[in-house]
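Reading through the structure tokens given below for one structure.
2 protein chains.
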Amino acid sequence: MADTVKVIFQPSGRRGEVEKGINLIEASRRLGVDIEALCGEKKVCGKCKVRIEQGVFPKYGITSSLDHVSDWQKEEGKFISEAERAQGYRLACAAKLTGDVLVFVPEESRAGKQVVSKAARDIPIEWNPAVKLYTVSMKPPSFEDPLGDFERTARALEEQHGLKDLDIDWLILQRLPGALRQGDWTVTVAVWNDREIIKVWPGEVKDYYGFGIDVGTTTVAAYFCNMRTMEVIDTVSMMNPQCKYGEDVMARITYHMQTPGGLERMSDDIIAGLNQLIAQACEATWPPKRKKRDAEGNVVTDENGKPVMEEAPEEGKTYLRLTPEDILDVTIGCNTAMHHILLKLDPQYVGLAPFPPVVHRSLDIKARDLGLKINPGSYVFILPNEAGFVGADNVCVLIAEEPYKSDKLQLIIDIGTNGELVLGNKDKMISSSCATGPALEGAQLTFGMRAAPGAIERIKIDPETHEVDYKVIGRDAWKNYSKPEEMQTKGICGSGILDVLAELYRAGVILKSGRFSPKQKSNRFRKNPDNPRQKEFVIAWAEETSIGKDIVITQKDIRQIQLAKGALYTGCKLMMRRMGVDKVDSIKIAGAFGTHVDRTKALIMGLFPDCDLEKVVSVGNAAGDGARIALLNRDKRTEANWVARNVEYIELTVEPDFEKEFMAAMQIPHMTDDFPHLRGIVPDEILDQK
Amino acid sequence: MADTVKVIFQPSGRRGEVEKGINLIEASRRLGVDIEALCGEKKVCGKCKVRIEQGVFPKYGITSSLDHVSDWQKEEGKFISEAERAQGYRLACAAKLTGDVLVFVPEESRAGKQVVSKAARDIPIEWNPAVKLYTVSMKPPSFEDPLGDFERTARALEEQHGLKDLDIDWLILQRLPGALRQGDWTVTVAVWNDREIIKVWPGEVKDYYGFGIDVGTTTVAAYFCNMRTMEVIDTVSMMNPQCKYGEDVMARITYHMQTPGGLERMSDDIIAGLNQLIAQACEATWPPKRKKRDAEGNVVTDENGKPVMEEAPEEGKTYLRLTPEDILDVTIGCNTAMHHILLKLDPQYVGLAPFPPVVHRSLDIKARDLGLKINPGSYVFILPNEAGFVGADNVCVLIAEEPYKSDKLQLIIDIGTNGELVLGNKDKMISSSCATGPALEGAQLTFGMRAAPGAIERIKIDPETHEVDYKVIGRDAWKNYSKPEEMQTKGICGSGILDVLAELYRAGVILKSGRFSPKQKSNRFRKNPDNPRQKEFVIAWAEETSIGKDIVITQKDIRQIQLAKGALYTGCKLMMRRMGVDKVDSIKIAGAFGTHVDRTKALIMGLFPDCDLEKVVSVGNAAGDGARIALLNRDKRTEANWVARNVEYIELTVEPDFEKEFMAAMQIPHMTDDFPHLRGIVPDEILDQK
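First to last, the sequence lines map onto chains A and B.
In my numbering, each residue's number is its place in the first sequence (first place is 1) plus 525.
In my numbering, each residue's number is its place in the second sequence (first place is 1) plus 525.
Encoded structure:
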């Protein structure tokens, strides 16, 4: 390729060189990024809006500029406002590459959206939310009893519900006189922690709503709950809009330290994202709209010729018709760095030994102070942090799983972009974090990708022939039961990566050390055509893919996975040593990773210590569950603060023998440790190689 | 006057007809309003900025418009921005009258500023403010002790000062990591009510500052205090900027009810006024500035030719150099209507029977929520209301005077634009309010004016000749010892009005009924030349005035005063009846009125029941004192809430015989009640007339 340019797509991080002159839609296809293009690149649907980021990006060695794409076309003006244009927005089908660019693909322009498995689990929660509703009726004031509106309401709340010494938010006090008179001296109030009135309605109201939100480094998941019935109305998620500032925690801390105003920008972006998420979830409680038509079926237009819209409710369906003002409580759990960035607390010390956070304890922040556009009198509950690298997300896992109430010794592993570990039972709890990096999520590998359609998620390798069969997300049939061109394979997702490695190891393609075996049995093993020093194994031939290239796994990819799994295993092992135990009773895997990973393959890879596979369970998005639990039960908030201060944090990197343990743990599954539960799953000769 | 226009000046309310073609400065002089005109109307000083209010004003029977003054002159553009011009601003020296106008004179354009006597009294206050400072030192975090910044600080505060379970304002938490490291792990924190950290500084800090503010209907007075030493640094005051929406409480409530957004506008105006007042008081703690000069004495200029300014501190003087961010606490007392308008609480029900306020209890509102630009973590303490017409200003008087701790029966009278009465001792306290109107402050009388230079404040009338001697504010010599043209008399101020009436009565010019006596002894008594049915008495001949007209008191003026004093006396009497007493042990008169009024004249007029004059004392601006006490002693805040709920409010107008009592109280001093303490002060034949 003589005349190429570099293109990086965010937030996916997919990058590569493509030839000049192609448009951004085409470039996105070549690099495995899916941008919506409903109209077939005719510039008429406006779905492929992207933003060209402008500036110098040393990490990628490029300067990105609006001048590096072809000129603005007037058709784009129909979809992109002047303000957006100034920010760098273009239609991906209209903008052709003339130089290096960093392209941000907004959530709404992404096709094949990530399959985020963050559905709410059915967990038992005792109803005792921090926000409760009370309806009271009272007599109007008279000369005999001219008591003021607030004291009159407070007196009724004390007489009828036993609530004493209530405060009221000033903004809600402003609405009280109107509500009392509109409701003919019957009102419903929302009371926060038996302490403060945060909303008032005329008359009687029963249902009210809240969000439990898990703000991850990469993904934000939110549970939209009816707070009276505890029913989950909807589960919504989005990419963390901060991804554009860096893929991992350290990159964002660095961005803050190097960019004046960077902290505020990142905080504002996540707040804006949360507002959008909440607004969209509320919007979904309204009937869909359609163009109004007259008796003859013609579209009715207004005086400006624009179609008049009308609601088109589905028959028999009831709609809640909620707005963000109906949201009375929000709980947020995040890792410590995301917590600090969200709250504009300087995160630099979290990244420097001895990693002290700015604050551990939970915080109650007025939604209006935080900029969250819900009921303005409401508080947002921010879950507490354990330590600099074990944050509120881990506390959420703990209050959801409650290992501190159990006799059994539990090991809880939460693998996101960072790995967080808790080991303990009712006697003692310790936690630590390990830098697994994003490899286990499929990032930074040659053909790694997110869990989106076309990603390889399951694989089998025949030990005799080294032939490969696999399955991709979005297609039920395995490759061996499909025509090659039906597969449209694009890459390998996080859970698929472990499958690939485990199968390569079990089939003898790679050795315990992670190196390719000298005894190869197929033409899939080869030297990279462009770089003969790099060895690789072909997982999918070009004809099976939608990217027109062989999908391979390289020696370097294998090393990345080994580093990640070694870090995780070392963490588990050092914690067990601290606890003085050599095995655990059960292992719980939290996070989306836990939902998708094959436990057997994870044990083969040696991600965690040997354990009866029946005692290895996935607990789904336990972080999100914890946020939901804190939303619906205020005692769990107290418990969260207790647990955050009663888990002993262990900094692994300063433990004795850390380096030595880490080297041994890089082996598949481990250099010396026994894995009795792998006997029969992995051939003995493979398991016993030295 | 063939061709005249009507002009009303606000906030003074001075009004009248003047001939077309004169400029606004000239009109203001004729109507007794002083506008700054330093340059002698040459349009070069810009001091005489006024605003032409636009709209229909039924109260005054005029339509005011920018078209009713002469065209804009380009010289005005030097002092008036485009935005101000759009709001109706003009230079009073440039704008000539062509039609009726309502003119608002901003505070800064007023000459002869009102003599507001609101100096701080020397009252004993026990130091126990709601906001206190604590300095703590701690060890930096280590691997052995990686506790987070907030918990580390809280631990030190508990160990070193016994403070437990502290919260921290989120915005202050943002500043904590920086302060700890900048102060090398020594910081000073400001703690509110032993509960919440509201400010943090690196290192040690000792002095801190606050404001106790009395927001009156007409005047705002603020005490600027050093909260460590309790010293009053400065006493500052201004007109309530809401005066332009109406002179009294009812007018402002009406403005709110008739004007969408009116409540928010009035609230925003008083908040902006308070911000300006605080900023100016802080500005006064800096050295004055002067133009910098070089060795030869030439003014040094910058690259744009503008003079460079330098500080010119007075020798030996130390400057505090404070900014509004240094203000850590503010307390505000107001009457109920001002309270509601300040806080954007619907005040309409305060004006409707049975007059319930929106809230009685005190409120702690974050300064940033209220829009007060002080330390953003601070709370503003709003004192509690007793009832719809007895507000926090009265509570301030009570916590300053503490009648509830006394055996003696005290009657406390606070005369502002509204009259508020409290009667009681340690056994029982009752309160009421009466509509005195502004007449006792000199407003709405033919020649009434504020207490400004040129206002008659003392008067003597010879019973034999009915000749008049008087004294004006700003001139020590009485009229009889001055040349007529030296007096420059302009009108009669509030305290002067009572003198005038009391002397007219004592000298026999008017009868007990308030009507002019048929036995007149001078040419000062006459029929009004323009309206022969109106009788009047000349106090000052035109030659003694700066307005070129005889200053008279009319029968209508006398009636206004009688109505006001009758309302006040009726209130006192009905309260005494409720208490079952026929005399009180002492009378305390609060407010600026109390400071200026001659107790003897007030008793002659029958403003309050008979009492030993030695037991009648002025307690100055007790409302402001109460706000200052609440600033410096938090227990007095609790006491304020207690007293607000333990004073029984009596609605006078629904008391039996109210009408009859009111009629009797219109007499001077009263139709039937005895005033033994007036014997020897007023001749018996006058006192005993029927």
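For glycine and all other residues, C-beta sits at the position ideal for the given N, C-alpha and C.
Apart from the five residues on each side of it in sequence, which residues of its chain come closer than 7 angstroms, Cβ to Cβ, to R700/A?
-> V725.
Check R886/A in the structure and name its three-state DSSP category.
-> coil
Determine the direct distance from the alpha carbon of L688/B to that of A878/A, and round the result to whole angstroms.
-> 29 angstroms
Just grab the DSSP bridge partners of D739/A for me.
-> A746/A and G858/A, per the DSSP bridge assignment.
Which term fits Q598/B, buried or exposed, when burial requires 16 or more other beta carbons within 10 angstroms of its beta carbon?
-> exposed
Pick from E1184/B, C859/B, W1003/B and I1206/B: whose alpha carbon is nearest that of G1091/B?
-> In this structure, E1184/B is the residue among E1184/B, C859/B, W1003/B and I1206/B with its C-alpha nearest to the C-alpha of G1091/B.
Mind pulling the chain B residues with CB within less than 7 angstroms of P879/A?
-> P666, S667, F668 and P671
Using DSSP with H/G/I as helix, E/B as strand and the rest coil, what is K584/A?
-> K584/A falls in the helix class under three-state DSSP.
Got a sec? Which residues, its chain only, sit under 6 angstroms from D994/B by beta carbon, not counting five neighbours each side?
-> K985, W1003, K1004 and N1005
Give a yes or no on contact between the segment 613-624 of chain A and the segment 570-580 of chain A, applying the rule of three or more CB pairs nearer than 8 angstroms.
-> yes
Output yes if chain A places a C-beta closer than 8 angstroms to the C-beta of H885/B; else output no.
-> yes
Rounded distance between the beta-carbons of K1081/A and A1190/A, thought under 8 angstroms | About 19 angstroms; that fails the 8 angstroms criterion.
Partner residues on chain B for K724/A, Cβ-Cβ distance less than 8 angstroms = Here the premise fails: no neighbours, minimum Cβ distance about 16 angstroms.
Selection of the segment 685-719 of chain A by Cβ proximity to chain B, strictly under 7 angstroms | From the segment 685-719 of chain A, only W695, L698, Q699, L701, P702 and G703 have a Cβ closer than 7 angstroms to chain B.
Using CA coordinates, which residue listed in D709/A, Q535/A and H885/A is at the minimum distance from R680/B?
-> H885/A
Is the Cβ of G675/B closer than 8 angstroms to any Cβ of chain A?
-> Sequence inspection shows Phe at residue 675/B; the Gly mentioned does not correspond to that position. Chain A, which has a Cβ nearer than 8 angstroms to the Cβ of F675/B, makes this yes.
Report the rounded CA-to-CA distance for E1010/A versus I1017/A, giving the unit in angstroms.
-> 17 angstroms
Determine which residues of the segment 775-791 of chain B have a Cβ less than 7 angstroms from any Cβ of chain A, and write them out in chain order.
-> none
Mind checking the segment 1156-1181 of chain A against chain B and listing, in chain order, the residues whose C-beta falls within less than 9 angstroms of any C-beta there?
-> R1170, Y1174, E1176 and V1179
Roughly how many angstroms lie between the CA atoms of M775/A and G896/B, to the nearest whole one?
-> So the alpha carbons of these two residues sit roughly 37 angstroms apart.
If I'm right that E1226/B touches S634/B with Cβ under 8 angstroms, what's the distance once you round it to whole angstroms?
-> This structure cannot speak to residue 1226/B, because chain B is shown only from 526 to 1215.
Counting only runs that start and end within the segment 585-632 of chain B, where is the beta strand (DSSP E) found for 3 or more residues in a row?
-> 587-589, 614-616 and 626-629
DSSP three-state call for T713/A: helix, strand or coil?
-> strand
Taking the CB atoms as reference points, tell me whether G1149/A and V920/A lie closer together than 8 angstroms.
-> In this structure, V920/A does not lie closer than 8 angstroms to G1149/A by Cβ.
Determine which residues share a DSSP beta bridge with T660/B and list them.
-> By DSSP's assignment, T660/B forms a beta bridge with T713/B.
Count the C-beta pairs between the segment 846-858 of chain B and the segment 733-741 of chain B that are closer than 8 angstroms, then say yes if the count reaches three, no if not.
-> yes
Span of the beta strand (DSSP E), counted from its first residue to its last, around T760/B | V757 to M764
Rounded straight-line distance, which links the Cα of S590/A to that of V626/A | Rounded to whole angstroms, V626/A to S590/A spans 6 angstroms at the Cα level.
Could you pull the start and end residues of the beta strand (DSSP E) that L948/B belongs to?
-> Counted as a single uninterrupted DSSP element, the beta strand (DSSP E) harbouring L948/B occupies residues G944 to G949.
Please look up how many angstroms separate the CB atoms of L658/B and A704/B, rounded, as I've assumed it's under 8 angstroms.
-> Between A704/B and L658/B the Cβ distance is about 13 angstroms, and since that is not below 8 angstroms, they are no contact.
Pull up the distance between the alpha-carbon of E1186/B and that of T1095/B, whole angstroms please.
-> 6 angstroms
Count the other C-beta atoms from every protein chain shown that fall within 10 angstroms of the C-beta of D1087/B, then say buried if there are 16 or more, exposed otherwise.
-> The amino acid occupying residue 1087/B in the given sequence is Gln; Asp does not appear at that position. Answer is buried; the Cβ neighbour count reaches 16.
Beta carbon proximity, P727/A to chain B, threshold 8 angstroms | It does not: the Cβ of P727/A has no partner Cβ on chain B nearer than 8 angstroms.
Put Q935/B into one of helix, strand or coil per three-state DSSP.
-> strand
Test item: CB-CB of A1127/B and L1023/B under 8 angstroms | yes
Return the bridge partner residues of W726/A from the DSSP annotation.
-> T713/A
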